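As given, the protein sequences belong to chains R and G, one line each in that order.
Here the first sequence is numbered in this note's numbering, starting from 1 and rising by one per residue.
Here the second sequence is numbered in this note's numbering, starting from 1001 and rising by one per residue.
Where a beta carbon is used, it is the ideal one built from N, C-alpha and C, also for glycine.
Values in this document were obtained by computation on a predicted structure and should not be read as measured data.
Below you'll find the structure, written out as structure tokens, and then a few comments.
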Amino acid sequence: MSAPAMPAKVAALTPVKFEQFGLRHYLICLKGIVVRECLRFLHQRERFISSLVRPLVWLFIFAAGFRQVLGVSIIPPYKTYVLYEVYITPGLCGMILLFSGMQSSLSMVYDREMGNMRTLLVSPFPRWFLLISKMLAGVAVSIAQVYAFLIVAWFWGVKAPPLGYLTVLPALFLSGMMLCALGMLLSSMIKQLENFAGIMNFVIFPGYFASPALYPLWRIQEASPLLYKICLANPFTYAVELIRFAFYGQVEWLSLGVVAGCTLLFLAAAIIAYDPSRGLMTRKQDTGGNA
Amino acid sequence: MQRRACALAILATGFMANPAWAYTVYVSNEKDNTVTVVDTATMQVVKTVEVGQRPRGITISHDGKFIYLCASDDDTIEIIDTATLQIVGTLPSGPDPELFVLSPDGKTLYVANEDDNLVTAINIESKQVMAEIPVGVEPEGMAVSPDGKTMVNTSETTSMAHFIDTDSHEVTDNVLVDTRPRFAQFKPDGSQIWVSAEIGGTVSVIDSFKREVVKKIQFAIAGLRPETIQPVGIAISADGKKAYVALGPANHVAVINTETYEVEKYILVGQRVWHLDFTPDQKTLITTNGNSNDITFIDTATDEPVQSVTVGQQPWGVAISPH
């Protein structure tokens, strides 16, 4: 297997002895991964625009069309009537995180096909650390997208309490971690880039629509009790609610528990899946560039 | 430095803990024959009082001791003691009283009798009818000028605002406005009177001296059919700079700059917003939302809705204690 050209940063790390990593080394590694992810994002201008256009289309067109159809009654955290645009904004933030999380999983598959992943995996740092770094990089990019979206929404007249933009950050981070971890886990199961359409159909769309992102759950309950239960079993439901409450400076403890629990679960599963001695990667036998 | 920061923090928390002076809000619930009492500081229902049938128009005496309430289907006006929340008496109103206004001196109530095409003037002290003034068909909106000399009544079917001299009890002028005028409100300086037209979908601004319409204000809310915009209640701020108009089934309150007559904002409230009033400190506006059975508190500094509180069925009118 011929090694593709290594990025200078990672190559520089290889001489370091295995057992003598200080915090500084870990941080250098983390920085390298995060910067690479951010650079990749910034260089793909279409990706940035499309990630912004998607939720904005929902906000500008879908929400305007459904403003009168889907009357929203007062449910916590709202204390009075809100426009439909205001209701779906936390859901659209969740949508950005969901798509972005899945996109980093896509990039993992791409990296594996193109051979970049091996560069990452031959790094002497523990596998779990590399995966978490990769996730943090993905979340940083997702959160940047969410705030870009919120700025546009602000000018559209969808405004949260000023402090809400700060209090929502931890919720965005945790939800982003959960979705990135899920993406990571899924990426370990996908052999080829082409299979990403399956993720779209089996994960993103059901996850998004079977959640309170677009309509309150009581409305779903009215339509179908079964669907309501499905929504309750969907981790994305809790991510959206966590974000929604956080916008108003409140903590929805159940959502927090579910999102934190799912993050740990998906993360652990992803680490196991990517562990060369145990995980699914062993079966694939192919982390190189000759897919 | 640290001490200053500490003092600032204490000051800030003090302000946050006391967002508004506590007033008492009385809401008439047309359908379940009750008055809901709400505290403005906690924004919670304190008590619900059983009253006569179909309570609609509600107002409070200037000293805050009594509430006057139109019990439309009982053909009477009930007097409620605010201290005990008991009905302590009635006033003879004529049939089907809907809306009334208290004279600035607090001695006379002018009542619109919807079924009889009359405006009745009642002396509160003697509980006697002083005059019955024939007006147009289906009288409803009532307003009295700050000096107490002129009273205005609107008649829904005739689509007119009738100017009545309060001394002679005679109609002196009639001004044609748009279809189904529901409510009339003087500006605090008495220079203008604003009349809402429910079906016409407009607010007519009438010059009090010339007695003619000087401006018609139109409303348009994105995504709403024009026929759902039905202006009803009007509240004008004490400084006369802003007017708030309840737009009925449009579920919005329009904020109007009284100098430019431009609608500056539409505030989303509950369904079929009917009447509204300010707290005495002018910091909060409270709307009654008939179809969603709640009232909405609006912060007048930001013109943002703050909270909605469920009251009885079909809240109609609102009166707020003066202190």
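With a threshold of 8 Å between beta-carbons, can residue i be considered close to chain G, or not?
i              : result
Y81 (chain R)  : yes
A160 (chain R) : no
I74 (chain R)  : yes
A64 (chain R)  : yes
Cβ atoms of residue j and residue i: under 8 Å apart, would you say?
i               : j               : result
A1197 (chain G) : D1178 (chain G) : yes
D1104 (chain G) : V1119 (chain G) : According to the sequence shown, residue 1104 (chain G) is Pro rather than Asp. The answer is no: Cβ separation not under 8 Å.
V139 (chain R)  : F173 (chain R)  : yes
W1274 (chain G) : A1246 (chain G) : yes
F1278 (chain G) : V1232 (chain G) : no
T1059 (chain G) : T1284 (chain G) : no
L1085 (chain G) : R1056 (chain G) : no
Y1244 (chain G) : A1238 (chain G) : no
V1205 (chain G) : I1217 (chain G) : yes
G261 (chain R)  : L98 (chain R)   : no
V1255 (chain G) : K1242 (chain G) : yes
P1280 (chain G) : Y1023 (chain G) : yes
G183 (chain R)  : G101 (chain R)  : yes
F1209 (chain G) : S1145 (chain G) : no
T1154 (chain G) : V1137 (chain G) : no
A1112 (chain G) : A1121 (chain G) : no
F370 (chain R)  : G164 (chain R)  : Outside the displayed span of chain R (1 to 291) sits residue 370 (chain R), for which this structure offers no information.
Q1307 (chain G) : M1043 (chain G) : yes
V1171 (chain G) : I1133 (chain G) : yes
V1051 (chain G) : V1035 (chain G) : yes
G1064 (chain G) : T1082 (chain G) : yes
G1317 (chain G) : S1072 (chain G) : no
F149 (chain R)  : I96 (chain R)   : yes
C1070 (chain G) : P1095 (chain G) : no
L217 (chain R)  : C231 (chain R)  : yes
If contacts are defined as beta-carbon pairs under 8 Å, then residue i and residue j qualify, I think. What distance do you get, rounded to the angstrom?
i               : j               : result
R1272 (chain G) : P1305 (chain G) : Contact doesn't hold; Cβ gap of about 16 Å is too wide.
G1270 (chain G) : T1228 (chain G) : Between T1228 (chain G) and G1270 (chain G) the Cβ distance is about 14 Å, and since that is not below 8 Å, they are no contact.
A213 (chain R)  : G91 (chain R)   : 3 Å
K988 (chain G)  : Q1230 (chain G) : Given that chain G is displayed from residue 1001 to residue 1323, the structure contains no residue 988 (chain G) and the question cannot be resolved.
S1093 (chain G) : I1080 (chain G) : Wrong, their Cβ atoms sit about 15 Å apart, outside the cutoff.
L186 (chain R)  : V158 (chain R)  : Rounded, the Cβ-Cβ distance is 31 Å, inconsistent with contact.
L1102 (chain G) : L1091 (chain G) : At roughly 12 Å, the Cβ-Cβ gap does not stay under 8 Å, so L1102 (chain G) and L1091 (chain G) are not in contact.
A210 (chain R)  : F266 (chain R)  : Between F266 (chain R) and A210 (chain R) the Cβ distance is about 18 Å, and since that is not below 8 Å, they are no contact.
R47 (chain R)   : I271 (chain R)  : Not quite, the Cβ-Cβ distance comes to about 27 Å (not below 8 Å), so this is no contact.
V251 (chain R)  : P235 (chain R)  : Contact doesn't hold; Cβ gap of about 17 Å is too wide.
A239 (chain R)  : M178 (chain R)  : 6 Å
Using a Cβ-Cβ cut-off of 8 Å, state whether residue i counts as contacting chain B.
i               : result
G1201 (chain G) : Within the model displayed, chain B is absent; protein chains R and G are what it includes.
At the 8 Å Cβ level, is residue i part of the contact set with chain R, yes or no?
i               : result
A1020 (chain G) : Note that A1020 (chain G) scores a pLDDT of 49, beneath 50, so its modelled location is shaky and nothing firm can be said.
A1012 (chain G) : Caution is warranted here: a pLDDT of 45 is assigned to A1012 (chain G), below 50, making its placement in the model unreliable, and the coordinate value is therefore given only provisionally. With 8 Å as the cut-off, A1012 (chain G) does not count as an interface residue toward chain R.
Taking 7 Å as the line, does the beta carbon of residue i fall inside it for any heavy atom of the ligand NAP?
i              : result
A171 (chain R) : As presented, the structure is devoid of all ligands, the ligand NAP included, so that no description of it is given.
Give, in chain order, every residue of the segment 1305 to 1319 of chain G whose Cβ lies closer than 8 Å to some Cβ of chain R.
-> P1305, V1306, Q1307, S1308
Residues in the segment 1258 to 1276 of chain G with C-beta within 9 Å of chain R's C-beta atoms, listed in sequence order?
-> L1268, V1269, G1270, Q1271
Within the segment 144 to 227 of chain R, note down every full alpha helix (DSSP H) run reaching 4 residues or more, in order along the chain.
-> 164 to 187, 196 to 199, 205 to 209, 217 to 223
What are the complete alpha helix (DSSP H) segments, minimum 4 residues, inside the segment 60 to 138 of chain R?
-> 63 to 66, 84 to 114, 116 to 121
Name, going along the chain, the residues of the segment 1278 to 1299 of chain G whose beta-carbon falls closer than 7 Å to a beta-carbon of chain R.
-> T1296
Members of the segment 1210 to 1225 of chain G near chain R, C-beta cut-off 7 Å | G1223
Please go through the segment 1075 to 1163 of chain G and give each complete beta strand (DSSP E) segment of 3 or more residues, from N-terminal end onward.
-> 1076 to 1081, 1086 to 1092, 1097 to 1102, 1108 to 1113, 1118 to 1123, 1128 to 1134, 1139 to 1144, 1150 to 1155
Beta strand (DSSP E) segments (min. 3 residues) lying fully within the segment 1180 to 1263 of chain G | Runs of the beta strand (DSSP E) inside the segment 1180 to 1263 of chain G: 1181 to 1186, 1192 to 1197, 1202 to 1207, 1212 to 1218, 1234 to 1236, 1242 to 1246, 1252 to 1257.
In chain order, which beta strand (DSSP E) runs of at least 3 residues are fully inside the segment 229 to 255 of chain R?
-> none
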